[in-house]
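Quick mapping for you: the protein sequence lines, in order, are chains P and W.
If you read the first sequence in our numbering, its first letter stands for residue 5, the second for the next number, and so on.
If you read the second sequence in our numbering, its first letter stands for residue 5, the second for the next number, and so on.
Beta carbons are placed, not taken as given, at the ideal position from N, Cα and C, and that holds for glycine.
Inspection log for the structure reproduced underneath, given as structure tokens.
There are 2 protein chains.
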Amino acid sequence: MQKITPQEQDFATWYTDVIEAAQMADYSPVRGCMVIRPYGYSIWENIQKILDEKIKETGHENAYFPLLIPKSFLSREAAHVEGFAKECAVVTHSRLKAVQKDGKSEVVVDPESKLEEELVIRPTSETIMHTMFAKWIQSWRDLPLLINQWANIVRWEMRTRLFLRTAEFLWQEGHTAHATQEEAQEETIKMLGVYSEFMENYLALPVVPGAKSTTERFAGAAETYAVEALMRDGKALQAGTSHNLGQNFAKAFNIQFQDKNGQLAHVWQTSWGVSTRLIGAIILAHGDNQGLILPPRVAPVQIVIVPIYKKEEERTEICKAAHALKAKLSGFKVKVDDRDQMKPGAKFFEWEKRGVPLRVELGPRDVAENKVVVADRLSGKKTSMPIAEFLQNAQKLLDQFQQNLLERAREFRRQHTFHLDSYEEFKQKIEGGGFFALHWCGSATCEEKIKEETKATIRCMPLDAKEEKGKCIYCQAPSNKRVIIARAY
Amino acid sequence: MQKITPQEQDFATWYTDVIEAAQMADYSPVRGCMVIRPYGYSIWENIQKILDEKIKETGHENAYFPLLIPKSFLSREAAHVEGFAKECAVVTHSRLKAVQKDGKSEVVVDPESKLEEELVIRPTSETIMHTMFAKWIQSWRDLPLLINQWANIVRWEMRTRLFLRTAEFLWQEGHTAHATQEEAQEETIKMLGVYSEFMENYLALPVVPGAKSTTERFAGAAETYAVEALMRDGKALQAGTSHNLGQNFAKAFNIQFQDKNGQLAHVWQTSWGVSTRLIGAIILAHGDNQGLILPPRVAPVQIVIVPIYKKEEERTEICKAAHALKAKLSGFKVKVDDRDQMKPGAKFFEWEKRGVPLRVELGPRDVAENKVVVADRLSGKKTSMPIAEFLQNAQKLLDQFQQNLLERAREFRRQHTFHLDSYEEFKQKIEGGGFFALHWCGSATCEEKIKEETKATIRCMPLDAKEEKGKCIYCQAPSNKRVIIARAY
Numbered sequence: 005m006q007k008i009t010p011q012e013q014d015f016a017t018w019y020t021d022v023i024e025a026a027q028m029a030d031y032s033p034v035r036g037c038m039v040i041r042p043y044g045y046s047i048w049e050n051i052q053k054i055l056d057e058k059i060k061e062t063g064h065e066n067a068y069f070p071l072l073i074p075k076s077f078l079s080r081e082a083a084h085v086e087g088f089a090k091e092c093a094v095v096t097h098s099r100l101k102a103v104q105k106d107g108k109s110e111v112v113v114d115p116e117s118k119l120e121e122e123l124v125i126r127p128t129s130e131t132i133m134h135t136m137f138a139k140w141i142q143s144w145r146d147l148p149l150l151i152n153q154w155a156n157i158v159r160w161e162m163r164t165r166l167f168l169r170t171a172e173f174l175w176q177e178g179h180t181a182h183a184t185q186e187e188a189q190e191e192t193i194k195m196l197g198v199y200s201e202f203m204e205n206y207l208a209l210p211v212v213p214g215a216k217s218t219t220e221r222f223a224g225a226a227e228t229y230a231v232e233a234l235m236r237d238g239k240a241l242q243a244g245t246s247h248n249l250g251q252n253f254a255k256a257f258n259i260q261f262q263d264k265n266g267q268l269a270h271v272w273q274t275s276w277g278v279s280t281r282l283i284g285a286i287i288l289a290h291g292d293n294q295g296l297i298l299p300p301r302v303a304p305v306q307i308v309i310v311p312i313y314k315k316e317e318e319r320t321e322i323c324k325a326a327h328a329l330k331a332k333l334s335g336f337k338v339k340v341d342d343r344d345q346m347k348p349g350a351k352f353f354e355w356e357k358r359g360v361p362l363r364v365e366l367g368p369r370d371v372a373e374n375k376v377v378v379a380d381r382l383s384g385k386k387t388s389m390p391i392a393e394f395l396q397n398a399q400k401l402l403d404q405f406q407q408n409l410l411e412r413a414r415e416f417r418r419q420h421t422f423h424l425d426s427y428e429e430f431k432q433k434i435e436g437g438g439f440f441a442l443h444w445c446g447s448a449t450c451e452e453k454i455k456e457e458t459k460a461t462i463r464c465m466p467l468d469a470k471e472e473k474g475k476c477i478y479c480q481a482p483s484n485k486r487v488i489i490a491r492a493y
Numbered sequence: 005m006q007k008i009t010p011q012e013q014d015f016a017t018w019y020t021d022v023i024e025a026a027q028m029a030d031y032s033p034v035r036g037c038m039v040i041r042p043y044g045y046s047i048w049e050n051i052q053k054i055l056d057e058k059i060k061e062t063g064h065e066n067a068y069f070p071l072l073i074p075k076s077f078l079s080r081e082a083a084h085v086e087g088f089a090k091e092c093a094v095v096t097h098s099r100l101k102a103v104q105k106d107g108k109s110e111v112v113v114d115p116e117s118k119l120e121e122e123l124v125i126r127p128t129s130e131t132i133m134h135t136m137f138a139k140w141i142q143s144w145r146d147l148p149l150l151i152n153q154w155a156n157i158v159r160w161e162m163r164t165r166l167f168l169r170t171a172e173f174l175w176q177e178g179h180t181a182h183a184t185q186e187e188a189q190e191e192t193i194k195m196l197g198v199y200s201e202f203m204e205n206y207l208a209l210p211v212v213p214g215a216k217s218t219t220e221r222f223a224g225a226a227e228t229y230a231v232e233a234l235m236r237d238g239k240a241l242q243a244g245t246s247h248n249l250g251q252n253f254a255k256a257f258n259i260q261f262q263d264k265n266g267q268l269a270h271v272w273q274t275s276w277g278v279s280t281r282l283i284g285a286i287i288l289a290h291g292d293n294q295g296l297i298l299p300p301r302v303a304p305v306q307i308v309i310v311p312i313y314k315k316e317e318e319r320t321e322i323c324k325a326a327h328a329l330k331a332k333l334s335g336f337k338v339k340v341d342d343r344d345q346m347k348p349g350a351k352f353f354e355w356e357k358r359g360v361p362l363r364v365e366l367g368p369r370d371v372a373e374n375k376v377v378v379a380d381r382l383s384g385k386k387t388s389m390p391i392a393e394f395l396q397n398a399q400k401l402l403d404q405f406q407q408n409l410l411e412r413a414r415e416f417r418r419q420h421t422f423h424l425d426s427y428e429e430f431k432q433k434i435e436g437g438g439f440f441a442l443h444w445c446g447s448a449t450c451e452e453k454i455k456e457e458t459k460a461t462i463r464c465m466p467l468d469a470k471e472e473k474g475k476c477i478y479c480q481a482p483s484n485k486r487v488i489i490a491r492a493y
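Right, here's the structure in full:
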């Protein structure tokens, strides 16, 4: 049985151990690419289902654009191509062929199939979408254009890590076009809000929404916003981004519309996305030394029922009772673990690793007394209660679990958020991790120096930061708001 | 306003006209790749939702495997690579870089980023999945392994056609491994049945399930089955396939398990898939000269409500009544078309093109009398009825529409299915299209000759074909069952 390295011993190994033990994902033989196994993929499906609804409720429609982007399209917006050039999977040929080599048949790329223009696998879809937007948008009546896409993306990352940074990942990418700058900014902030709310309410992940510094902006954006979360090793994780693209792409792709006065004008645009990285965030924000702890609202299994019997003749009856209980829990994601030849203890251990919120134990005595024992993955507490009571309270127990998980994450963040005014103190304390609310003058020089000296970066300038007179933690120049600085994934 | 070419004038142009008029898809600037627009994508989402449920009900789990496959993996199964080599998008480099050329900056592929081994964008995922299966499967306890994936696929097709044949398309691909040959065969046929039932019940598309001839087998399969549908121009369309892979891949990828007796054995496998091609099938099987006709169970909009008013002062009241009606139709996909400055007639025309099953017209007199006029896209009939009656019968009307559409397609197929025994008669009649139930001796030579002389292919050997003594339509050798022959997409 797979052992999980304790967090305090080696957090990075703990992370990969948990993913393997819970069968969430696997490294594939393709460099930097992962296989998302059913248990991990099911979390992604739950995320998709909820978030897709919220994206549609806010007026967006799903569509699908090509995977392959002509190199020349990517180059059209200068900052954009610069940002992505170093990590592009490039398609150059369209055929393989068999050749004879040393008497053996070998398959090689057919040189005669070289493409006229190379194609890049989308690292993001601004350029291909905007090419179509230019065709579809004619008048103010066509605006706003609110499109979302669920897709796979390839960025040739050199250092990869399951879910957090992989050469290929899954995401949703919203792309919109508006008549005015104000509308684009409103959309950018609205979608950041949709993300924050989704992460807090469904992933039990408290996040800080804020603006990125100029240095950390998305390649081609006028302004980038992000939601930042704190992981249990004290590192920050950027959980989602929302970009105000200004008219940068509109000008590069000539997306113009006739306004109400008959004047031609360029549209104002946004893009925003979250990815399978969120699964990494769930693991890192909630997991413990026993394994995963999953928020009930996205857990593949919310309640696992383990029948407990010693004698073979008890088996049938207990399993029947377990399935009968499951049948009464319609609307919940329930699994009966009736595997034979496996002891209850081993099953408990396995479902703990997999982070199932509630475990229900059902033995001969429980069945006789119409009771169940309910074990809570978060508190570890076991409670015996009448079946009727459990059935009546199952939703409440799961909601409470969800709330407790969020509260625990919030409490952890409170305890690991530090308001400091001394650079020396910051340099010492950063070793222990956490969010640091510090004054910063806004200069890229100080930002760079801080990064060099502490490996910490400006995570964001929180939207709700209070006005407060202070001095830049690095250069002492005046500042009127604190920013969040942390080491990050 | 976009005009639709009549079917009888030019069926192929009618098809692309309908897609454009209904805003379902668009050619992209990337060779052979399409953009699926929201109206088309929404049909795909509806297909996904229903089919995904059926795939899960039959015990399969979703997962996600890498887009990129090392060239050597693809080559491992000889027939497989031969089948796909000619249409592979090959990734050879991982970076772009800017260079100066004639005083201008240009972006080129960085030759230093050449990959050690080329990667192929998946044309199907047997090889990458089976690599992982070999790792996951150890014992008979790990079987059956039942995996499904929703993904994008690239096949470098030379002649492309929106939805029917595009370089990139979306699909689901099931991949399974079993302990015995019998189980694999059972799975192959079971999933073919899931497809048939889904297509008949949800897409109103009657299909013939049957086995493919050896020539038409999937590259690497032991046996290929397909469901074949008849389009309104008399051509057949392969709407889905299910393959019994035997042990071909298990041997190539060394997927072995320890059976109950402790013996090592290779697994038996299947794969099966349907794609965005189904959207093409819906258009081609049901559409008419006014445009699309959509089966209610997958239509993005089932009921469109068009407020009718002449005087501006009526507008508010009628629109209010339209939205009130929509509110009462919860559970249905309803759209109120309250666009101003567009005449009702133009709206009718547009929603007819888009194939919405029921149109509800609501004018001042209707509102005064608590009535609506309901127009049926299939029959073209308009009926006035009390609102209460419409609300009570909406589900029944849509079910009836779905049934009528299926019946119409069945009737069309009945009228265009010909049991012939004379090759001369067949050669004449094939010009008019249809399914031809003919005797065939089973030889590839006759199959090839028939194809050469008539452009028709053996679509399938129907599973339910009756035993019947006959002679091969081509060579007169004995045959005991009729096969379906047709010209096909």
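Beta-carbon proximity of residue i to residue j, cut-off 8 Å
i	j	result
valine 302 of chain P	isoleucine 47 of chain P	yes
leucine 207 of chain P	valine 34 of chain W	no
methionine 195 of chain P	serine 246 of chain P	yes
valine 39 of chain W	methionine 136 of chain P	yes
leucine 249 of chain P	threonine 219 of chain P	no
alanine 469 of chain P	lysine 485 of chain P	yes
threonine 170 of chain W	glycine 36 of chain W	yes
isoleucine 151 of chain W	methionine 133 of chain W	yes
proline 210 of chain W	tyrosine 229 of chain W	no
glutamate 81 of chain W	alanine 256 of chain W	yes
leucine 296 of chain P	lysine 357 of chain P	yes
asparagine 1 of chain P	proline 42 of chain W	Outside the shown range of chain P (5 to 493) lies residue 1 of chain P, about which nothing can therefore be said.
histidine 327 of chain P	valine 310 of chain P	no
threonine 62 of chain P	valine 231 of chain P	no
Pick from the options that is closest to residue i, judged by C-alpha positions
i	options	result
lysine 264 of chain W	W/Trp144, W/Glu227, W/Arg369	W/Trp144
alanine 325 of chain P	P/Asp370, P/Arg358, P/Gln306, P/Leu298	P/Asp370
tryptophan 272 of chain W	W/Ala285, W/Asn252, W/Glu354	W/Asn252
aspartate 403 of chain W	W/Glu428, W/Arg163, W/Phe336, W/Lys332	W/Phe336
leucine 409 of chain W	W/His290, W/Pro390, W/Thr449, W/Tyr427	W/His290
glutamate 317 of chain P	P/Leu329, P/Arg363, P/Pro368, P/Ile477	P/Pro368
leucine 362 of chain P	P/Tyr313, P/Asp342, P/Lys400, P/Ile307	P/Ile307
glutamine 153 of chain P	W/Val85, W/Tyr45, W/Thr184	W/Tyr45
threonine 20 of chain W	W/Val310, W/Gly244, W/Asp292	W/Asp292
serine 200 of chain W	W/Arg236, W/Glu354, W/Val278	W/Val278
glutamate 57 of chain W	P/His64, P/Glu49, P/Lys58, P/Gly63	P/Glu49
glycine 87 of chain P	P/Gly284, P/Glu472, P/Ala243, P/Gly224	P/Gly224
arginine 343 of chain W	W/Pro390, W/Tyr313, W/Leu401, W/Ala138	W/Tyr313
Nearest-angstrom beta carbon gap, residue j and residue i [assumed within contact, 8 Å]
i	j	result
phenylalanine 167 of chain P	arginine 281 of chain P	6 Å
leucine 78 of chain P	histidine 97 of chain P	About 19 Å; that fails the 8 Å criterion.
cysteine 92 of chain W	leucine 333 of chain P	With a Cβ gap of about 48 Å, cysteine 92 of chain W and leucine 333 of chain P do not count as contacting.
glutamate 121 of chain P	lysine 90 of chain P	Not really, about 20 Å apart at Cβ, beyond 8 Å.
Exercise. If we count Cβ pairs, one from each stretch, closer than 8 Å, do we get three or more for the region 175-189 of chain W versus the region 18-35 of chain W?
Worked result: no
Exercise. Counting pairs of beta carbons, one from the region 445-463 of chain P and one from the region 481-490 of chain P, are three or more of them closer than 8 Å?
Worked result: yes
Exercise. Going along the chain, which residues of the region 74-93 of chain W sit with their C-beta nearer than 9 Å to a C-beta in chain P?
Worked result: Those residues of the region 74-93 of chain W that come within reach of chain P (Cβ to Cβ, closer than 9 Å) are Pro74, Lys75, Ser76, Phe77, Leu78, Ser79, Ala82, Val85, Glu86, Phe88, Ala89, Lys90, Glu91, Cys92, Ala93.
Exercise. Of the residues that make up the region 99-113 of chain W, which ones have a beta carbon closer than 9 Å to any beta carbon in chain P?
Worked result: Arg99, Leu100, Lys101, Ala102, Ser109, Glu110, Val111, Val112, Val113
Problem set entry | Contact list for the region 53-67 of chain W against chain P, Cβ threshold 7 Å | Glu65, Asn66, Ala67
Exercise. Closer than 7 Å, Cβ to any Cβ of chain P: which residues of the region 10-43 of chain W, in chain order?
Worked result: Listed in sequence order: Asp30, Ser32, Pro33, Val34, Cys37, Val39, Ile40, Arg41, Pro42.
Exercise. Would the region 421-432 of chain P and the region 441-458 of chain P be scored as touching if the rule is three or more Cβ pairs under 8 Å?
Worked result: yes
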